[in-house]
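To get this note's numbering, take the position in the sequence shown, counting from 1, and add 1.
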Amino acid sequence: MENVENVEQVTQEQPTLRGYKIVCAKLGFVMCVYFICRFLAGAASSLLERYSGSLSEPLHAALSLVILTLLVYVAPIVFTVLIFKYDTPFRVLYKKPKRLARALGTFPATFGLGHGVALLTLLVSYLLSRVLGGESLIEQLLRPTTVEATTSISQIVIMVILMVVAAPLFEEYWVRGIMFDALKPYGTGMAIIISSLLFGIMHGSLYMLFYTTAYGLALGYIRYATGSLFIVTILHAIVNSIGASTLLLLSLQELTNEENRVINTIFTIFMVAVFVMIIIGIVVFLSKIPTIRRYKFENNWTQIGPWKKFGVFLISIPVVIMMLLAINEITQYRIVDLIFS
Numbered sequence: 002m003e004n005v006e007n008v009e010q011v012t013q014e015q016p017t018l019r020g021y022k023i024v025c026a027k028l029g030f031v032m033c034v035y036f037i038c039r040f041l042a043g044a045a046s047s048l049l050e051r052y053s054g055s056l057s058e059p060l061h062a063a064l065s066l067v068i069l070t071l072l073v074y075v076a077p078i079v080f081t082v083l084i085f086k087y088d089t090p091f092r093v094l095y096k097k098p099k100r101l102a103r104a105l106g107t108f109p110a111t112f113g114l115g116h117g118v119a120l121l122t123l124l125v126s127y128l129l130s131r132v133l134g135g136e137s138l139i140e141q142l143l144r145p146t147t148v149e150a151t152t153s154i155s156q157i158v159i160m161v162i163l164m165v166v167a168a169p170l171f172e173e174y175w176v177r178g179i180m181f182d183a184l185k186p187y188g189t190g191m192a193i194i195i196s197s198l199l200f201g202i203m204h205g206s207l208y209m210l211f212y213t214t215a216y217g218l219a220l221g222y223i224r225y226a227t228g229s230l231f232i233v234t235i236l237h238a239i240v241n242s243i244g245a246s247t248l249l250l251l252s253l254q255e256l257t258n259e260e261n262r263v264i265n266t267i268f269t270i271f272m273v274a275v276f277v278m279i280i281i282g283i284v285v286f287l288s289k290i291p292t293i294r295r296y297k298f299e300n301n302w303t304q305i306g307p308w309k310k311f312g313v314f315l316i317s318i319p320v321v322i323m324m325l326l327a328i329n330e331i332t333q334y335r336i337v338d339l340i341f342s
C-alpha cells in the first residue's frame with residue numbers, strides 16, 4: 002500500500018512530534034490558501050457579473066462554473082498535492098470495497114447523524130432567539146445557509162453540477178484522501194476528527210460547521226473501515242443530491258409563480274419523505290452506537306495522548322491564521338469591518 006508512504010515520508014516509520022507539527026502546519030497553510038481562493042472566486046464572479054452584459058446566459062453560467070471549479074476546488078487541491086508530495090494511485094484510493102452493499106447500507110445512519118445535528122442546530126437557534134429576544138449575532142449566524150431558488154435554468158444546472166458532482170469528487174479526494182492520509186500515521190481516530198473539523202470549517206458557515214463536521218466524522222469512519230474513497234464519494238453525492246433536489250423543486254415553484262399544484266404537491270411529499278428519512282436515520286445511528294464504540298482504531302503513535310495531539314494542532318500558527326480567516330468569513334467579514342472602521 003502506497004497511500005501512506007507518499008504523504009509524509011519523514012514520519013511514516015517512526016511518527017515524531019516534529020513530524021506531526023509539520024503536518025499540522027501544512028494543513029493550516031493549505032486551508033489558508035483555500036479561503037484566499039474562495040475570496041478570489043467571489044471577486045472574480047463579481048467582475049464577471051459586472052462585465053458580462055454581452056454574454057449569453059448559458060455562456061455566463063459556464064464561465065461561472067469554470068471559475069468556481071478552478072479557484073474553489075482545483076487550485077487548493079493542486080497546492081495540497083504539491084505540498085504533501087501526494088501521488089497515491091487512484092486505483093488504490095477508489096478501490097471497490099469487498100462488502101459494497103454493506104458499505105452502502107451505512108447511508109441511513111450517516112444521513113441521520115448529519116441532519117440530526119442540523120435539526121439540533123436549528124433548535125438551538127430557535128431557543129436563543131426566544132431567550133435573548135430580537136436577533137442576536139449568534140442566532141443570526143446559526144440560521145440555515147440555503148441556496149435561494151432561481152428562475153435561471155443555467156444557474157440551476159450549475160448548482161446541481163457543483164453539489165452532486167464537483168463537491169463529492171473534489172472534497173472527498175482532498176479531505177478524506179490527502180488530509181486523512183497525512184494524519185493517519187499519528188492515529189486514525191485523530192485523522193478522522195481533524196479532517197472532519199477541517200471539512201466543516203471549509204463550508205464557511207457556523208450553521209453548516211456543525212452538521213458538516215458530523216457528516217465528516219461518519220464519512221471518515223467509513224473511509225477508514227472500507228479503506229477506500231469509493232463509498233464515501235457516493236454517499237456524499239447522495240446527500241448533496243437531496244439538497245439539489247430541494248433547490249430544483251423550489252426553483253420550479255419560482256418558475257411557475259408557486260401556482261402549479263402538481264409541483265407544490267410533489268415538493269410537500271418530498272419534504273415529508275426527507276423528514277421521515279431523517280428520523281429513521283437518527284434511530285438507525287443510535288442503534289449502531291454500541292457497534293461503533295467497539296470498533297478499534299489504529300494508533301501507531303501512542304507517546305502523546307489525543308488531547309495533546311489536538312492541542313498541538315490548534316496552536317499551530319498556520320492553523321490559527323486559518324481559524325481567523327474562517328471566523329472572518331463565518332461572521333460575514335465583520336472582523337475586517339471592525340479593523341478598518
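Don't be surprised by glycine CBs; every beta carbon is placed ideally from N, CA and C.
Query	Result
How about residue 38 and residue 77: do their beta carbons lie closer than 7 Å?	yes
Is the beta carbon of residue 173 less than 7 Å from the beta carbon of residue 237?	yes
Measure how close the beta-carbons of residue 16 and residue 296 come, nearest whole angstrom, since I'm counting them as under 8 Å.	Residue 16 to residue 296, Cβ: 22 Å. No contact.
In the DSSP assignment, find the unbroken alpha helix (DSSP H) run with residue 302 in it and report its ends.	Run containing residue 302: none; DSSP gives neither H nor E here.
With burial defined as no fewer than 16 other Cβ atoms inside 10 Å of the residue's Cβ, what is the status of residue 88: buried or exposed?	exposed
May I ask you to report which of helix, strand or coil DSSP gives residue 54?	coil
Give the DSSP-derived three-state secondary structure of residue 88 in the structure shown.	coil
Could you tell me the distance, in whole angstroms, from the CA atom of residue 324 to the CA atom of residue 40?	15 Å
Tell me the rounded alpha-carbon separation between residue 19 and residue 317.	12 Å
Determine the burial state of residue 91: buried for a count of at least 16 other Cβ atoms within 10 Å of its Cβ, exposed for fewer.	exposed
Beta-carbon within less than 6 Å of residue 327's beta-carbon, same chain only, minus the 5 sequence neighbours each way: which residues are those?	202
Indicate whether residue 184 and residue 95 have their beta-carbon atoms separated by less than 7 Å.	no
Report buried or exposed for residue 240, applying the criterion of at least 16 other Cβ atoms within 10 angstroms of its Cβ.	buried
Assuming residue 282 contacts residue 109 under a Cβ cut-off of 8 Å, what Cβ separation, rounded to an integer in Å, is found between them?	5 Å
Would you check if there are 3 or more beta carbon pairs closer than 8 Å linking the region 245-252 to the region 261-277?	yes
With a CB to CB cut of under 7 Å and the five nearest residues on each side skipped, what residues in its chain are close to residue 72?	38, 41, 42 and 45
Look at the alpha carbon of residue 280 and the alpha carbon of residue 111, and state the distance between them as a whole number of angstroms.	12 Å
Buried or exposed for residue 85, please, with buried defined as at least 16 other CB atoms from any protein chain shown within 10 angstroms of its CB.	buried
Which of the three DSSP states is assigned to residue 98 in this structure?	coil
Leaving out the 5 sequence neighbours to the left and right, which residues in its chain are closer than 7 Å to residue 214 when beta-carbon positions are compared?	197, 198, 200 and 201
How about residue 252 and residue 157: do their beta carbons lie closer than 7 Å?	yes
Output needed for residue 311: all residues of its chain with C-beta closer than 8 Å, excluding positions within five of it in sequence on either side, in chain order.	191, 194 and 195
According to the neighbour-count rule (16 or more other Cβ atoms, all chains shown, within 10 Å of its Cβ), is residue 126 buried or exposed?	buried
Under the rule that 16 or more other beta-carbon atoms within 10 Å means buried, what is residue 169, buried or exposed?	buried
Can you tell me the Cβ-Cβ gap for residue 220 and residue 177, rounded? I've got them flagged as a contact below 8 Å.	6 Å
Note down, in chain order, each residue of its chain lying with its Cβ closer than 8 Å to the Cβ of residue 301, except the 5 sequence neighbours on either side.	16, 186, 187 and 188
Spatial neighbours of residue 120 within its chain, please: C-beta separation below 8 Å, excluding the five flanking residues on both sides.	279
Since residue 81 and residue 167 should fall inside the 8 Å C-beta cutoff, what is the C-beta to C-beta distance between them, to a whole number of angstroms?	Not a contact, Cβ separation roughly 16 Å.
Excluding the 5 residues flanking residue 164 on each side, which residues of the same chain have their C-beta closer than 7 Å to its C-beta?	241, 244 and 245
From residue 275 to residue 305, what distance separates their C-alpha atoms?	43 Å
Taking the alpha-carbon of residue 47 as reference, which of 65, 36 and 226 has the nearest alpha-carbon?	65
How is residue 323 classed by DSSP in three states: helix, strand or coil?	helix
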